[in-house]
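What follows is a set of notes on a single structure, which appears directly below.
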Amino acid sequence: MRLPRSSHAEYRRVSTIRSRKGTSERLQTVRTCTLASDGEDASHSASVLVIPGAVQHREWLGFGGSFTEAAADTFRRMSVPKQSHIIHAYFDRNGLGYSLGRLHIGSCDFCLGSWSCGDFSDESLNGFSLERYEVAILPMVRAAMQLGPLSLLASPWSPPPWMKSNGKFNLGGKLLPRYRACWAKHFVCFAQEMASRGVPLWGVSVQNEPEAATPWESCQWTGAEEAAFIRDFLGPMLQQEKLDLKIVAWDHNRDGMLQRAASIYSDPDAAKYVWGIGYHWYGDPRFEWWPGRAEVPFEDALRVLAAARKLPAPVMKFLAGSEHLDGTMHFPELRGRLCLDSVRQTADLRPDKHLLFTEGCQELGGRSLSSMLDSWKTGERYGMNIIADLNSGCEGWIDWNLCLDELGGPNHVGNFCLAPIICDTRSDEVLLQPAYWFLGHFSRYIRPGARRVLCSSSRDLLECTAWRNVDDTLSVVVMNQSESDLEFTLRISGSGATTAEAPSHSITTFIVENGGSHSASRL
Numbered sequence: 001m002r003l004p005r006s007s008h009a010e011y012r013r014v015s016t017i018r019s020r021k022g023t024s025e026r027l028q029t030v031r032t033c034t035l036a037s038d039g040e041d042a043s044h045s046a047s048v049l050v051i052p053g054a055v056q057h058r059e060w061l062g063f064g065g066s067f068t069e070a071a072a073d074t075f076r077r078m079s080v081p082k083q084s085h086i087i088h089a090y091f092d093r094n095g096l097g098y099s100l101g102r103l104h105i106g107s108c109d110f111c112l113g114s115w116s117c118g119d120f121s122d123e124s125l126n127g128f129s130l131e132r133y134e135v136a137i138l139p140m141v142r143a144a145m146q147l148g149p150l151s152l153l154a155s156p157w158s159p160p161p162w163m164k165s166n167g168k169f170n171l172g173g174k175l176l177p178r179y180r181a182c183w184a185k186h187f188v189c190f191a192q193e194m195a196s197r198g199v200p201l202w203g204v205s206v207q208n209e210p211e212a213a214t215p216w217e218s219c220q221w222t223g224a225e226e227a228a229f230i231r232d233f234l235g236p237m238l239q240q241e242k243l244d245l246k247i248v249a250w251d252h253n254r255d256g257m258l259q260r261a262a263s264i265y266s267d268p269d270a271a272k273y274v275w276g277i278g279y280h281w282y283g284d285p286r287f288e289w290w291p292g293r294a295e296v297p298f299e300d301a302l303r304v305l306a307a308a309r310k311l312p313a314p315v316m317k318f319l320a321g322s323e324h325l326d327g328t329m330h331f332p333e334l335r336g337r338l339c340l341d342s343v344r345q346t347a348d349l350r351p352d353k354h355l356l357f358t359e360g361c362q363e364l365g366g367r368s369l370s371s372m373l374d375s376w377k378t379g380e381r382y383g384m385n386i387i388a389d390l391n392s393g394c395e396g397w398i399d400w401n402l403c404l405d406e407l408g409g410p411n412h413v414g415n416f417c418l419a420p421i422i423c424d425t426r427s428d429e430v431l432l433q434p435a436y437w438f439l440g441h442f443s444r445y446i447r448p449g450a451r452r453v454l455c456s457s458s459r460d461l462l463e464c465t466a467w468r469n470v471d472d473t474l475s476v477v478v479m480n481q482s483e484s485d486l487e488f489t490l491r492i493s494g495s496g497a498t499t500a501e502a503p504s505h506s507i508t509t510f511i512v513e514n515g516g517s518h519s520a521s522r523l
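One point on numbering: in full-length UniProt numbering, the residue at position 149 of the sequence shown is 149, and numbering is uninterrupted.
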């Protein structure tokens, strides 16, 4: 870690910004106060400690979302005023202040169908074209770029079927070895053509979810295959064409990221081209419906399990955190299933490399979108994942679809999902979901260039992270998923302390300013 120029700043003013379940509070400033002297004589009480001078070395890149064809088509179907509302809600500094984005190279499940970048069927790539992107995707990207700088990551879901072992877009298959050079050339064409259309890329990932064989676009790569492609084809070709693009490996779930990183980094001739590892949050059976996961909502499954095992009521209450009047239990999120340690371990494996969260969303799993609207639990899923990722070495966080329609699509294989913004294209209504507000507690106040500072909670129910922005303001985010209102002391080491609250099912951002900073008052 290293200290910034003004590592001994005296912090004084604290603004408290909160969103809370069951109330109208959404990114609402609920209190402004001044730090008092900290006697540190109540160590037994709940507290959140922030050490502003203990700054980590990784700079924050920003937050963002994905410009899928589904999101762009939904956006296109809204009226012009509502389009403006959506873009400003995400990319304006007074909205979420997004600075990252993700594009798919060719089609993915959140498209209107399966397609490639133009009409070509041989290695010449004659007929390569991005005209389809001009229908909806690029107009949406350009609207976002008008509000501020945007770093774009592009990821393929599948090469054209004729390049693959199974001859299909979907169900996995592999890139045939004889087409590796051609596929690398495809990356080059995509980047060059995007730049010519005024949309330069920041980076590319080799393959979205390289271990998946899904009913939608997919292609499987082993670690050795991915390393060889980067080493012998993609890396040298990007370099030859003088394309300064970051190469992101893996781009799949946390559970396998350390193994894939170790595999690729063990090949120095491949590793020299790799900027870092991208990863997703999927594989959590509490939220997902795939066979072998959970076929019913997590809390229902645990109630059934507890009944089968006849757990004593005190044990159930301890696990749940509280008991509802009807006798059912609410279970705070359990982190063990998320493989969150894999993020930190991958960061430790190669401190000179980088980590980027590249996709996460809540699948509907056969449920109607209307039944999942305003799901606070989904917002808490975002909050829990973001806090854990930020505390583990992640340097940027890209959500999945920016917006979806009233069905949770369009999706050409019926894999409907939630998005932070749902657009009812029938009534031209924009519905900001809890996930939107949870994202805002981070993205509005942890700005590009910020660095994480040490932050610790004395209670497991108080999940927290703290960051120091380039203007020296501190952004401290505290989330409470439990049923209990919690009081605690917010301690800023070297500056003072104040009493604070984390109501049940709330997320709170504390903006702490030093004597010479006034930027938080503008947020």
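A virtual CB, placed ideally from N, CA and C, is assigned to each residue, including glycine. Here the structure is a predicted model, which is why all the values come from computation and not from measurement.
If you draw a 10 Å sphere on the C-beta of residue 453, you find 16 or more other C-beta atoms in it, and that means buried. Three or more beta-carbon pairs separated by less than 8 Å are not found between the segment 469-484 and the segment 397-410, which leaves the two stretches without contact. Non-local beta-carbon contacts of residue 64 in its own chain, meaning distances under 6 Å to residues more than five positions away in sequence, involve 98, 100, 101, 398 in chain order. In the three-state DSSP reduction, residue 25 falls in the coil class, being neither helix nor strand. Per the coordinates, the alpha-carbon of residue 106 lies some 29 Å from the alpha-carbon of residue 428.
Residue 73 sits buried, since 16 or more C-beta atoms from the chains shown fall within 10 Å of its C-beta.
Contact check for residue 194 and residue 125: beta-carbon distance about 15 Å, past the 8 Å limit, so the pair fails to qualify. Rounded to whole angstroms, the separation of the alpha carbons of residue 450 and residue 90 is 19 Å. Per the coordinates, the alpha-carbon of residue 435 lies some 14 Å from the alpha-carbon of residue 444. One alpha carbon belongs to residue 234, the other to residue 358, and they sit about 20 Å apart. A distance below 6 Å between beta-carbons, with the five flanking residues on each side excluded, links residue 457 to the following residues of its chain, in chain order: 48, 464. Your pair residue 369 and residue 416 checks out as a contact, with CB atoms roughly 7 Å apart and the cut at 8 Å.
Here residue 239 is exposed: its Cβ has fewer than 16 other Cβ atoms, across all protein chains shown, within 10 Å. Nearest neighbour of residue 248 by Cα position, chosen from 230, 199, 134, 433, turns out to be 230. With respect to the 9 Å criterion, residue 373 and residue 431 are classified as neighbours on the basis of their beta carbons. In this structure, residue 11 lies away from residue 501, with their beta-carbon atoms at least 9 Å apart.
Checking the DSSP bridge columns, you'll see residue 509 partnered with 17, 477.
Taking each of 201, 389, 20 in turn and checking the Cα distance to residue 344, the smallest one comes out for 389.
Between the alpha carbons of residue 348 and residue 206 lies a distance of about 22 Å.
DSSP places residue 74 within a helical segment (H, G or I) once states are collapsed to three. One thing to note: residue 338 has its Cβ no nearer than 9 Å to the Cβ of residue 375.
Annotation for residue 440: the continuous alpha helix (DSSP H) segment containing it runs 434-443. The three-state reading of DSSP puts residue 132 in helix, counting H, G and I together. According to the DSSP assignment, residue 349 belongs to the alpha helix (DSSP H) that extends over 341-349.
Taking 9 Å as the cut-off, the Cβ atoms of residue 9 and residue 498 do not count as close. Excluding the 5 residues flanking it on each side, residue 114 has same chain C-beta neighbours closer than 6 Å at 107, 169, in chain order. Looking from the CA of residue 460, the closest CA among 384, 198, 164, 147 belongs to 384.
Nearest neighbour of residue 210 by Cα position, chosen from 487, 226, 119, turns out to be 226.
Closest by C-alpha distance to residue 495, out of 50, 26, 30, is 50.
The secondary-structure analysis by DSSP pairs residue 491 across a beta bridge with 49, 497.
Scanning the segment 155-204 for uninterrupted alpha helix (DSSP H) segments of 4 residues or longer gives 180-196, listed from N- to C-terminal end. DSSP, read as helix, strand or coil, puts residue 413 in coil.
Rounded to whole angstroms, residue 155 and residue 472 show a C-alpha spacing of 35 Å. With respect to residue 412, residue 111 sits close: the two C-beta atoms are nearer than 9 Å.
Taking C-beta atoms as the reference points, residue 251 and residue 180 fail to come closer than 9 Å. Contact check for residue 353 against residue 256 fails: the beta carbons are separated by 9 Å or more.
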